[in-house]
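Chemist:
Protein chains in written order, with the numbering used here: chain A, 1 to 333; chain B, 1 to 333; chain C, 1 to 333; chain D, 1 to 333.
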C-alpha cells in the first residue's frame, strides 16, 4: 500500500511523460491520474492509466498534484490545488519569480495570481531548507537549474568579480522546446543544424537566473545568456565562463566544487581534466559538472543535465520527496 | 537573355525550395516568381525574389509553371495554366492517375478536374517519348519514381513471376512528409526512431505504382509496399524483392539493368557486389541502383534517390527540359 | 547477501557495457569482475569495479561467466569455464550452430572446440525447456532473435508456404557493428546514410536463422536476408514478408501471435493497425511485434528489439535467470 | 583547355575529398592526380581519376599542389614542391605559425623545416595583399578561420578591451576530427552527445589564433577557447563573447561588420536580430556572421563556416585563385 497519491496535469508533454514514467515507478507514489486534453482517452505510456481531460481530474482525490502546464494556466490550477488542501509541485514558470513585477517583465503580461508569490524555489542543492515540508514549490527551468548548479560554489564563496560578465553559452536538446508541433521543432529544420536563439539577455530565464544568483551572493556581474537548439532529443549543457576575484585562484575552484557538492547524491563533480558531456546525464536525474581552470583568474565550467529530468520532472519529484519528508532521492537513482 | 520564364507555386515547401534552387541556377530559365501564402513577403532563399501569395501570381506572364501544391489545389491551377497557354509541370498527385475512378480510389474524394486526365506520366527513363514537347506533365511521387526505376528492366524483359508478390520495403527521409509541422515530423518523435506507416497496400502511391508497372508488362504480381520514416532529412531507398520467371536467372539480371540504363545520364547501375546507399544520391538528381542475385530466381534490388530531387524537383525540371526540347539534363548535373 | 556471483568477459564492448549495467542492478547477482584488455584499469561505468585484463580473471571465483567476446576466443573460455564447474552464458557465435560443419560454412574456419557442440540455443520464448538449469547456453545473435520471434507463431502453426521465400529486410543501429573503430562506424560515414550490406544470403546469421526455423517447422522456404546499417545508436528492426499456405488466412495471423505470446512477459504483440517502431524497445529488454495482413495470403511483420538488450545482454541475463531457476524476468523489467 | 594543372596530396581525407570535388568542377583547373596511400587504386569520387600513392605523384607535372596531409609530413612535401618550382597550398598546420619556436610550443616537436617559415597566412579577407601571386600559402585551420573572421572588424577598429578575455565557445562537426577511425569518432560515441575537449588554452589552434589577432591589433585580451564535438557531419560555429572599450558601443558594432565585410563575396553579415546557424553555410564556401549587442559594452558574435569548405578546402582554392591572379571566387559560388 503506497502512501502518496499523485496526479499529473499536462501528462502528455515531454516533461509530463517523464513525470508519469518516474512517478509510476516510485516506491511511495500511487499515480492516480494524468491529464491531457489532446490525448484524452489514449493510454498513458508505461502505466495502466488513460489520459483524462484536465476538467475531469479531481485534485481533492490526491495528496499532490504536478503541474506540467503552460504558464498562466498553471497558476490557476496551483491555486485550486492549494485551496483543496493538496500539495502542489509546479513545473511552469508561474511561481518562479518572486514578484508580480518581475513576472510581468519577463513574461510580458500581468501575473494571473500574484497572491501566490513568492513561492519556494525548488533547487534543493541550494535551497533545501525551504522545501522540506513545503506546500507548494516552483520547480526551476532547465536552463536556470543547470546554470545555477554550475555557478553555485563560486557564488557561495563570493569568488566572482562583480564587474565582469558571467557568460553562459547553453545548448539544449529539442524536447526543451516542447511537444507542440512547430516549424522550429520540425525534424528537417533541426537536423544537421545548430541554432542560437534569444541570445544576450532576451531569454525569459535570465530574470530567474539572476534573481536566484543574487540571493546567494551580492557580487554578481551581468549574465550574458545565449541558448542554442541542439540536434539531439534530450540533454542540456551550460558552458559557463567566469572571472574570479582575488579571493580565489582558478586552481582552487575545483576544490570549492568538491566541498560544496561532496554530500550531494544528484550532483557529480568530475575529476580535474575530465569534461562533462551529455552522455553523462541523459535519462538520469543528475547534474554533472566539470571545471577547467584557465590562466590565473578564469574558469570554464561545463554543467550538464537531462533537461526533462534534473531540468524538469526529476527535480520535481526530488522536490516532492522533500515536501513529504521522504528520502530526497527516492525513485530517482 | 534566358529563354524560359518560369513560376513556382508552392515555393516554400521542401520540394518547392529545391525547385527554386535548381531553377534559379538553370542556364535557360529565368525564375519570375515563387508563391507562398505562409511566407509571402519573405525572401525566397538563394534568389533575389520574395515570395508572393498565390493569388498575386500571373501565370500568363511566364512560359511554364511548376505546381508544388497540395493535391486538389493543384488541379485547378493546372487547368488555369493550360487555359492561359502556359506549360504545366505538376508535382502533386492530381494528374498521375489515368482515370477519375482510380483517383477516387486512392484519394477518397472525386477528382476535381477529370477533364485533365490522363496526363503524360513524367518518368523520362520509361516514358520519354510522351514527354517531349508535352504541354502538361504529371511528375511522379518519390516512392513510385524510385521503385519503378528499380523494377523497370525486369518489367521490360517480362522477367517477373506473375504469381509472386513484388515486395517493396521503402525508407524515406523526413522531408518526404512535407514541411507543415505535425507530431509525426517533430524532431523528438523521429530522432533515434524508425517508423513503418501505411504498410501493405494502404499507401496512396500503390495505385500509381501498379498502374505504371502494368503499362510496361502484363505479368506483374501484387505489390506489397511498406514505407518507413527514416531519421534523416533527405534520401529515399526502395528495397525491392522479386521472384524471376524462367526467362531470366538471377545472374542475368544485372546485365539487363546495364543494357536498359546504359544510355541514361540520371540513372547509375552499380557494379555487382556494391550496394546503393543514400549517400550516393543526396543532393543529386540521380537514381542509383544495385542488384544482388539471390539463389537462382530471386533478386534484391536497392534503388535510391533524393526524394526532393529525382523524387520531385529534379525530375520536374528534367520533364521541363523535355517539354521545351532542351537537353534533358540541363541544370541537373 | 546476493546469491549469484558473476563475471563478465569483454565488459567494455557495447554488449558488455549493457551486461555490466543490467547485472550490477540485478537483485540476485553480485558482479565480481568485468574484463577488458583495452580498458584494463579504467572504471567499469555504473559500478565500483575497475576493468581487469581477461588473463587476471578467475572464473573459479564466480558462479557464472558471461562471454561477450569475439568468436573463436569465446569457445576456449567457455570450455575453461565449464571445466571449472562454472555456468557459461556465451554471447558469441561459437556455440550457436549445432555442428562444426555448419560453423565452418558460416565462419570460414574450423570450429575451435567442436566438443562443445551442440549447446542449448538461448531463445527462451521458443526453447525454454532446454534452458532451465542448463550449464551452458548460446545466446542468439540480434538479427536471429528479432527475426525468429517475428516468425515463430507462423512456424509453429505450419502456416508458411514452403515454396515461397521468407523475405527479411533488417535494419540495425550502429552498436550492432561493435565498438572497435573502423571506417564503417565512423560518424561521418553513417550520418545521414542508410547502408545495405551482406545482402541475400551472405550474412553469417542466415545459417543460424534457418537452423532454428527448421527445428520448429519442416515447411520453410529459403530465407532472403538483407541487413542495413541505420544511423541510430541502438535498435533493430526486422521487416518480414511471408506467404501463407492454405491453413491460415492473413486475417487469422494476428490471433496466432496473441495466442503464442499471450503469456510472454518480454514479447509484446501490438493491436492490429499499430506498427512496431524502435522507440517501443530502445533501452528495454523486450521484443515488440506488429502484424499487417496483406491481401488474402500475405503478411508483413515488424519485429523490433534493442540489439544490445533482447538482442544480446538482456537475453543473456534472461537465460541466466533460467539457468539458475530464478524468475525469468528478474532484473529485466 | 584549362590553364592550371593541380595535384592533391591526401585526397581521401575529408578535406581532401572536398578539394577533389571543388577542383574537378573548377573552370580553370585540370586535376591531374589525387594521392591516397590508404585508398590507392580506388576511384577518386566525382572524377575519372584513381588515387595513387603519394610516392608515385610527380609534383613537377603540375602547376600547383594542395597538401591535405598530417602535420610534419606536409612540410617536407611543401619544400619538395617549392624546389620543383610548383606553387604550394598547404592545408596542414606546418606553415601557419611564424616561428619554429611557436610551432614547437603548440605541436610539441621541433619544426621539420624551419627554413619555410614564415609563410603567408591564407585568410584572404584579412591578408589578401600577401596572397596575391604568392608561391606558398598556409591555409588556416577551421577554428581560427571562423573565429578570426568573427573578430576581425572589432580588432581592426581597436574596439576590444585589452584587459578582458575573448571567450570562444566553439562547436565542430565530426569531419573536423579527420577520417581516421578512432573511438572519438565512432558513431555510437558521438550520437546524441556533445563533448567539450581541450578547453581553456590547450587546443593547438590557440597559438595561431592569437598570433593573427595580434597582427591586427595591439589590444587583445587572452583568448579562452573551448571547442566541442557536435553530433553532425559538417559545420563549425564559433560563439564569441567580447567586452568593448570606450571607442565603440555595442550598438555600433553591427555597422562595423557591414563596413568591413561589405565588399566580401564569401563573408555574409546577417541583419541585426537574425542568428547565424550551421544551415547557412553547410556545403558552401562562405562564412556567415551575426552580432548581438548585449548591454552597453558587450557583444555576442556567432560566426559559422563549413569546416571542410571555408574552414579548409574552399579557402585553399580561394587562396589558389589569388596565387594565380584569378577571380578570387572562381569555382566557389
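Every residue, glycine too, gets a C-beta built ideally from N, C-alpha and C.
Could you check if residue 68 of chain B is buried or exposed, using at least 16 other CB atoms within 10 Å of its CB as the buried criterion?
Modeler: Answer is buried; the Cβ neighbour count reaches 16.
Chemist: Near residue 233 of chain B, which residues of its chain fall below 7 Å by C-beta distance, leaving aside the five closest residues on each side in sequence?
Modeler: For residue 233 of chain B, where only same-chain residues beyond five positions count, the Cβ hits under 7 Å are 173, 174, 175.
Chemist: In chain C, which residues lie with their C-beta within 7 Å of the C-beta of residue 169 of chain B?
Modeler: 169, 239
Chemist: Looking at chain C, is there any beta carbon in it that lies within less than 7 Å of the beta carbon of residue 228 of chain D?
Modeler: no
Chemist: Do you know offhand how far residue 120 of chain B's Cα is from residue 135 of chain B's?
Modeler: 9 Å
Chemist: Using a Cβ-Cβ cutoff of 9 Å, what residues of the stretch 161-190 of chain D are near chain C? List them in chain order.
Modeler: 173, 174, 175, 177, 179, 180, 181, 182, 183, 184, 185, 186, 187, 188, 189, 190
Chemist: So, is residue 321 of chain C buried or exposed, given that buried needs 16 or more other C-beta atoms within 10 angstroms?
Modeler: buried
Chemist: Output the residue ranges of the beta strand (DSSP E) runs that lie fully inside the stretch 119-149 of chain D and measure 3 residues or longer, sorted by chain position.
Modeler: Taken in chain order, the complete beta strand (DSSP E) segments of 3 residues or longer contained in the stretch 119-149 of chain D are 136-138.
Chemist: Of the residues that make up the stretch 190-207 of chain C, which ones have a beta carbon closer than 8 Å to any beta carbon in chain B?
Modeler: 192, 193, 194, 195, 196, 197, 199, 200, 201
Chemist: What residues from chain F crowd round residue 298 of chain B, counting only those whose CB sits closer than 7 Å?
Modeler: In the structure shown, chain F does not exist; the protein chains are A, B, C and D.
Chemist: For residue 323 of chain D, which of helix, strand or coil comes out of DSSP?
Modeler: helix
Chemist: Can the beta-carbon of residue 256 of chain C be found closer than 7 Å to that of residue 299 of chain C?
Modeler: no
Chemist: Excluding the five sequence neighbours on either side, which residues of its own chain have a C-beta within less than 6 Å of the C-beta of residue 204 of chain B, listed in chain order?
Modeler: 106
Chemist: I need the straight-line Cα distance from residue 160 of chain C to residue 273 of chain C, nearest angstrom please.
Modeler: 22 Å
Chemist: Identify the contact partners of residue 14 of chain C in chain D, using a Cβ-Cβ distance below 9 Å as the criterion.
Modeler: 188
Chemist: Measuring straight from C-alpha to C-alpha, what distance separates residue 208 of chain A and residue 243 of chain D?
Modeler: 24 Å
Chemist: Using a Cβ cut-off of 7 Å (strictly closer), state whether residue 294 of chain B contacts chain C.
Modeler: yes
Chemist: In this structure, does DSSP put residue 102 of chain C in helix, strand or coil?
Modeler: helix
Chemist: Can you check whether the C-beta of residue 233 of chain A is within less than 7 Å of a C-beta belonging to chain B?
Modeler: yes
Chemist: Taking beta-carbon pairs under 8 Å, can you tell me which members of the stretch 268-294 of chain A lie near chain D?
Modeler: 275, 276, 277, 278, 279, 282, 290, 292, 293, 294
Chemist: If contact is defined by three or more beta carbon pairs under 8 Å, each pair taking one atom from either stretch, is the stretch 273-283 of chain B in contact with the stretch 296-316 of chain B?
Modeler: yes
Chemist: Consider the Cβ of residue 147 of chain C: report whether some Cβ of chain B lies at a distance smaller than 7 Å.
Modeler: no
Chemist: Go through its chain and collect everything with a Cβ distance to residue 323 of chain A's Cβ below 6 Å, but skip five positions before and after it.
Modeler: 87, 134
Chemist: Could you pull the start and end residues of the alpha helix (DSSP H) that residue 255 of chain B belongs to?
Modeler: 250-261
Chemist: Leaving out five residues before and five after residue 112 of chain C in sequence, what residues of the same chain have Cβ atoms less than 8 Å from its Cβ?
Modeler: A distance below 8 Å between beta-carbons, with the five flanking residues on each side excluded, links residue 112 of chain C to the following residues of its chain, in chain order: 72, 75, 76, 94.
Chemist: Does the CB of residue 302 of chain B have a neighbour CB from chain C at under 7 Å?
Modeler: yes
Chemist: Buried or exposed for residue 263 of chain A, please, with buried defined as at least 16 other CB atoms from any protein chain shown within 10 angstroms of its CB.
Modeler: That one is exposed.
Chemist: Whose C-alpha, out of D:99, D:116, D:202, D:97, is nearest the C-alpha of residue 83 of chain D?
Modeler: D:116
Chemist: Tell me which same chain residues have a C-beta within less than 6 Å of the C-beta of residue 23 of chain D, skipping the five on either side of it?
Modeler: Cβ-Cβ distances below 6 Å link residue 23 of chain D to 6, 29, 31 in the same chain, with the five nearest sequence neighbours on each side left out; the list follows chain order.
Chemist: Could you say which of C:100, C:179, C:143 lies nearest to residue 238 of chain C if we only look at CA atoms?
Modeler: Relative to the Cα of residue 238 of chain C, the nearest Cα in the group C:100, C:179, C:143 belongs to C:143.
Chemist: Excluding the 5 residues preceding and the 5 following residue 330 of chain D in the sequence, name in chain order all residues of the same chain whose CB lies nearer than 7 Å to its CB.
Modeler: Shown here for residue 330 of chain D: same chain residues with a beta carbon closer than 7 Å to its own, the five before and five after excluded, namely 26, 27, 28, 321 in chain order.
Chemist: In the DSSP output, what is residue 5 of chain C paired with across the bridge?
Modeler: C:30
Chemist: Among C:50, C:46, C:33, which one has its Cα closest to the Cα of residue 39 of chain C?
Modeler: C:50
Chemist: With DSSP as the reference, please indicate the residues paired to residue 50 of chain C in a beta bridge.
Modeler: C:43
Chemist: Taking one C-beta from the stretch 221-229 of chain B and one from the stretch 161-170 of chain B each time, how about it: are there three or more such pairs within less than 8 Å?
Modeler: yes
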